[in-house]
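Colleague:
Number of protein chains: 2
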Amino acid sequence: MFEIIAFDADDTLWKNEDNYLDVLHKLQHILSRFASPADVETILNEAEHRNVPYYGYGIKSYILSCLETAVIATKDQLTSKETRKILDLGKYMVDVEVELLDHVQEAIETLSSKYALMLLTKGDLLDQERKLARSGLAPHFQYIEIVSGKQPENYAAILKRYQIEPSRFLMIGNSLRSDILPVIAIGGQAVHIPHASTWVHERVDPSEAAHHDYHELASIQMLPAWLEEYKHHRH
Amino acid sequence: MFEIIAFDADDTLWKNEDNYLDVLHKLQHILSRFASPADVETILNEAEHRNVPYYGYGIKSYILSCLETAVIATKDQLTSKETRKILDLGKYMVDVEVELLDHVQEAIETLSSKYALMLLTKGDLLDQERKLARSGLAPHFQYIEIVSGKQPENYAAILKRYQIEPSRFLMIGNSLRSDILPVIAIGGQAVHIPHASTWVHERVDPSEAAHHDYHELASIQMLPAWLEEYKHHRH
Numbered sequence: 000m001f002e003i004i005a006f007d008a009d010d011t012l013w014k015n016e017d018n019y020l021d022v023l024h025k026l027q028h029i030l031s032r033f034a035s036p037a038d039v040e041t042i043l044n045e046a047e048h049r050n051v052p053y054y055g056y057g058i059k060s061y062i063l064s065c066l067e068t069a070v071i072a073t074k075d076q077l078t079s080k081e082t083r084k085i086l087d088l089g090k091y092m093v094d095v096e097v098e099l100l101d102h103v104q105e106a107i108e109t110l111s112s113k114y115a116l117m118l119l120t121k122g123d124l125l126d127q128e129r130k131l132a133r134s135g136l137a138p139h140f141q142y143i144e145i146v147s148g149k150q151p152e153n154y155a156a157i158l159k160r161y162q163i164e165p166s167r168f169l170m171i172g173n174s175l176r177s178d179i180l181p182v183i184a185i186g187g188q189a190v191h192i193p194h195a196s197t198w199v200h201e202r203v204d205p206s207e208a209a210h211h212d213y214h215e216l217a218s219i220q221m222l223p224a225w226l227e228e229y230k231h232h233r234h
Numbered sequence: 000m001f002e003i004i005a006f007d008a009d010d011t012l013w014k015n016e017d018n019y020l021d022v023l024h025k026l027q028h029i030l031s032r033f034a035s036p037a038d039v040e041t042i043l044n045e046a047e048h049r050n051v052p053y054y055g056y057g058i059k060s061y062i063l064s065c066l067e068t069a070v071i072a073t074k075d076q077l078t079s080k081e082t083r084k085i086l087d088l089g090k091y092m093v094d095v096e097v098e099l100l101d102h103v104q105e106a107i108e109t110l111s112s113k114y115a116l117m118l119l120t121k122g123d124l125l126d127q128e129r130k131l132a133r134s135g136l137a138p139h140f141q142y143i144e145i146v147s148g149k150q151p152e153n154y155a156a157i158l159k160r161y162q163i164e165p166s167r168f169l170m171i172g173n174s175l176r177s178d179i180l181p182v183i184a185i186g187g188q189a190v191h192i193p194h195a196s197t198w199v200h201e202r203v204d205p206s207e208a209a210h211h212d213y214h215e216l217a218s219i220q221m222l223p224a225w226l227e228e229y230k231h232h233r234h
């Protein structure tokens, strides 16, 4: 069976994308004199796409992209007070409460008594450590890995460090692009648990995923029973 | 002898603080219509002090503090073009070449053939991974640890994870506050190698350090010989 069960965090264990969308709506409001909501969203998506290689993921990167969006959307008419408002959105995001998704608490508690669990999340070190601390879930995770990217080589490096055969590694997450396909690519197992909001940069063409052998569950609530069944099926 | 020799990175292996000072000077220039260089520096130091708990260390955090400084120093008269210029400073910092300090290349090469070396650095995950990759030093480090803080508990957690007795752990770094005192506090050994530029938030009152038992070397060049001598002295 699995030596380690690893969980993505954002939108797998707790709400995340909704907080980013909330700030997008606030930015659209701040910039409404200058640009339509749709235009602000388009400019922001482009800014994030340009900036991920420079700044990676997380709140600070997002706020820098919001500011870049603002100077572009206003055609260099952004006022100092508007700049201040956008800067304040960063602290607002840091202060947001962590809200666990439905059934996460019970599922993680149940599984942590039987398996070694790993939190394996991409993003900003401080953001992710803070969310884990606020989530109350930290005691259930034996291993914490915060990585700058979730490419197959990132997963391979972690498996090597923990000396785990890929076939004995199970990854659970909401993003096909980050949590499922790269794990399948290195010979691991993966369970996809979709979430209603998925960041545009995490989406994959369904045809790209269709040929791969991964599992899909509607809710984390079903994971303990699925693991029991998987175990009996294998033996 | 030591099981692991851990090195701080910024201003221990490569130049860092100078890049931040360079950007401070550019910010002072951008804001020169509104505030004196000394005032800009004071406001920036205060902004960084306020923002570290929110944003941690690294380029993104610094640029957000520069922007906050700008709206304060201009009394909300910052123009959109100036905001854009400050945003551009972030990408300028990301693109700066990594410049190894004198004798680092030889010292690390020599030591890596005899000891297990760890890079143990505080800061932004992506910033530090990028600098390590550009430095060319990555193959010499057996372990990489990028942490959000360097308090005694951060060091204790790493020693626990690697199952190392504190007395067999040696930390090398330029910051008394981050690299030396917390390591001494948990019973480890530490060698301080001062650097000409030290960030104001890393400075400690000399009297605070005077009573502690750590070693000081003027250059990393002296480290291999110091280790040989230490070994013979101990046996």
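Keeping their order, the protein sequence lines are chains A and B. So for the first sequence, numbering that gives the first Met the number 0 puts the first residue at 0; every next one is plus one. So for the second sequence, numbering that gives the first Met the number 0 puts the first residue at 0; every next one is plus one. C-beta: ideal position from N, C-alpha, C; glycine also.
For D94 (chain B), does the three-state DSSP call read helix, strand or coil?
Modeller: As a position in the second sequence, residue 94 (chain B) is number 95, starting the count at 1. Helix.
Colleague: Could you check how far apart the C-beta atoms of A69 (chain B) and L77 (chain B) are, in whole angstroms? I think they sit under 8 Å.
Modeller: As a first step, residue 69 (chain B) is located in the second sequence; it is residue number 70 there, counting from the start. As a first step, residue 77 (chain B) is located in the second sequence; it is residue number 78 there, counting from the start. At roughly 5 Å, the Cβ-Cβ gap stays under 8 Å, so A69 (chain B) and L77 (chain B) are in contact.
Colleague: Is it buried or exposed, S147 (chain A), if we count other Cβ atoms within 10 angstroms and call 16 or more buried?
Modeller: In the first sequence, residue 147 (chain A) corresponds to position 148, counting from 1. Result: buried.
Colleague: According to DSSP, simplified to helix, strand and coil, what is A195 (chain A)?
Modeller: One-based indexing of the first sequence puts residue 195 (chain A) at position 196. In this structure, A195 (chain A) counts as coil in the three-state DSSP scheme.
Colleague: Where DSSP assigns a beta bridge to I85 (chain B), which residues make up the other side?
Modeller: For the purposes of this step, residue 85 (chain B) is taken as the residue at position 86 of the second sequence. Answer is none; I85 (chain B) lacks a bridge partner.
Colleague: With distances taken Cα to Cα, identify the nearest neighbour of Q141 (chain A) among A:F33, A:K149 and A:L131.
Modeller: Here residue 141 (chain A) is taken as the residue at index 142 of the first sequence, counted from 1. That would be A:L131, whose Cα lies nearest to the Cα of Q141 (chain A).
Colleague: So who's on the other strand from A5 (chain B), going by DSSP bridges?
Modeller: Here residue 5 (chain B) corresponds to residue number 6 of the second sequence, with the count starting at 1. For A5 (chain B), which the question treats as bridged, DSSP gives the partners B:M117 and B:M170.
Colleague: Indicate whether the contact test is met: 3 or more Cβ pairs, each with one atom in the stretch 79-88 of chain A and one in the stretch 122-129 of chain B, closer than 8 Å.
Modeller: These segments do not touch.
Colleague: Can you tell me which of A:E144, A:Q27, A:S174 and A:H211 puts its alpha carbon nearest to the alpha carbon of M117 (chain A)?
Modeller: Locating residue 117 (chain A) in the first sequence gives position 118, where the first residue counts as 1. Checking every option, the nearest Cα to that of M117 (chain A) belongs to A:E144.
Colleague: Note the first and the last residue of the continuous alpha helix (DSSP H) segment covering V146 (chain A).
Modeller: Locating residue 146 (chain A) in the first sequence gives position 147, where the first residue counts as 1. That residue, V146 (chain A), is in no alpha helix (DSSP H); its beta strand (DSSP E) goes Y142 to V146.
Colleague: Name, please, each residue of chain A whose Cβ falls closer than 7 Å to the Cβ of T82 (chain B).
Modeller: The residue you call residue 82 (chain B) lines up with position 83 of the second sequence. What T82 (chain B) touches in chain A: L66, V70, L77 and T82.
Colleague: Can you pull the chain B residues whose beta carbon is under 8 Å from the beta carbon of I62 (chain A), in chain order?
Modeller: Counting from one through the first sequence, the residue named residue 62 (chain A) turns up at place 63. Those are L63, listed as they occur along chain B.
Colleague: With distance defined between alpha-carbon atoms, name the residue in B:Q27, B:F33 and B:R32 nearest to N44 (chain B).
Modeller: Here residue 44 (chain B) corresponds to residue number 45 of the second sequence, with the count starting at 1. Taking only the C-alpha atoms, the option nearest N44 (chain B) is B:Q27.
Colleague: Determine the extent of the alpha helix (DSSP H) in which H28 (chain B) is found, giving its start and end residues.
Modeller: What you label residue 28 (chain B) is simply residue 29 of the second sequence in a count that begins at 1. Looking at the DSSP string, the run of the alpha helix (DSSP H) that includes H28 (chain B) is E16 to I29.
Colleague: Is it a yes or a no for the stretch 98-118 of chain B touching the stretch 92-99 of chain A, going by three-plus beta-carbon pairs under 8 Å?
Modeller: Output reads no: the stretch 92-99 of chain A does not touch the stretch 98-118 of chain B.
Colleague: Only counting the same chain, and skipping five residues up and downstream in sequence, which positions put a Cβ closer than 8 Å to that of Y54 (chain A)?
Modeller: Start at 1 with the first residue of the first sequence, and residue 54 (chain A) comes out as number 55. S60, L63 and S64.
Colleague: Using the beta-carbon of each residue, which ones in chain A are nearer than 7 Å to E128 (chain B)?
Modeller: Counting from one through the second sequence, the residue named residue 128 (chain B) turns up at place 129. Result: S147.
Colleague: Any beta carbon from chain B within less than 8 Å of D123 (chain A)'s own beta carbon?
Modeller: Position 124 of the first sequence, counted from the start, is the residue given in the question as residue 123 (chain A). Closer than 8 Å to some Cβ of chain B, the Cβ of D123 (chain A) qualifies, so yes.
Colleague: Tell me which residues share the same chain as L216 (chain A) and place their Cβ nearer than 8 Å to its Cβ, disregarding the 5 neighbours each side in the sequence.
Modeller: As a working note, residue 216 (chain A) is residue 217 in the first sequence. Correct list, in chain order: V190, H191, I192, L222 and W225.
Colleague: How is the alpha helix (DSSP H) around D126 (chain A) delimited, first residue to last?
Modeller: By 1-based counting over the first sequence, the position of residue 126 (chain A) is 127. Element bounds for D126 (chain A): L124 to S134.
Colleague: Straight-line CA distance for P52 (chain A) to F168 (chain B)?
Modeller: For the purposes of this step, residue 52 (chain A) is taken as residue 53 along the first sequence, with counting starting at 1. For the purposes of this step, residue 168 (chain B) is taken as residue 169 along the second sequence, with counting starting at 1. Going from the Cα of P52 (chain A) to the Cα of F168 (chain B) covers about 35 Å.
Colleague: Nearest-angstrom Cα distance between K113 (chain A) and I157 (chain B)?
Modeller: Walking along the first sequence from the start, residue 113 (chain A) turns up at place 114. Walking along the second sequence from the start, residue 157 (chain B) turns up at place 158. One C-alpha to the other measures close to 25 Å.
Colleague: Buried or exposed: which applies to S134 (chain B), given that a residue is buried once 16 or more other Cβ atoms fall within 10 Å of its Cβ?
Modeller: As a first step, residue 134 (chain B) must be located in the second sequence, where it is residue number 135. By the neighbour-count rule (16 or more Cβ atoms within 10 Å), S134 (chain B) is buried.
Colleague: So with Cβ pairs under 8 Å, would you call T73 (chain B) a contact of chain A?
Modeller: Position 74 of the second sequence, counted from the first residue, corresponds to residue 73 (chain B). For T73 (chain B), the answer is yes, since a Cβ of chain A falls inside 8 Å of its Cβ.
Colleague: What separation, rounded to the nearest whole angstrom, lies between the Cα atoms of N15 (chain B) and L88 (chain B)?
Modeller: Within the second sequence, numbered from 1, the residue matching residue 15 (chain B) stands at position 16. Within the second sequence, numbered from 1, the residue matching residue 88 (chain B) stands at position 89. Their backbone Cα atoms lie some 15 Å apart in a straight line.
Colleague: Compute every distance between the C-beta of T109 (chain B) and the non-hydrogen atoms of the ligand MG, then say whether any falls below 7 Å.
Modeller: Inclusion of the ligand MG in the displayed structure is not the case, the ligand content being empty and no account of it being possible.
Colleague: Would you identify the three-state DSSP class for V51 (chain B), choosing helix, strand or coil?
Modeller: Walking along the second sequence from the start, residue 51 (chain B) turns up at place 52. It is helical.
Colleague: Between R49 (chain A) and I71 (chain A), what straight-line distance do the alpha-carbon atoms span, to the nearest angstrom?
Modeller: Position 50 of the first sequence holds residue 49 (chain A). Position 72 of the first sequence holds residue 71 (chain A). So the two alpha carbons sit approximately 14 Å from each other.
Colleague: Does DSSP put V70 (chain B) in a helix, a strand or coil?
Modeller: Translated into the one-based positions of the second sequence, residue 70 (chain B) becomes position 71. Correct three-state label for V70 (chain B): helix.
Colleague: Can you check which of these residues, A:H231, A:K90, A:D178 and A:L136, is closest to W13 (chain A) by C-alpha distance?
Modeller: Taking the first sequence and counting its residues from 1, the one referred to as residue 13 (chain A) is at position 14. Checked all of A:H231, A:K90, A:D178 and A:L136; the closest Cα to W13 (chain A) is A:L136.
Colleague: Can you confirm whether Y19 (chain A), when its beta carbon is compared against all beta carbons of chain B, has any partner nearer than 8 Å?
Modeller: As a position in the first sequence, residue 19 (chain A) is number 20, starting the count at 1. Closer than 8 Å: no.
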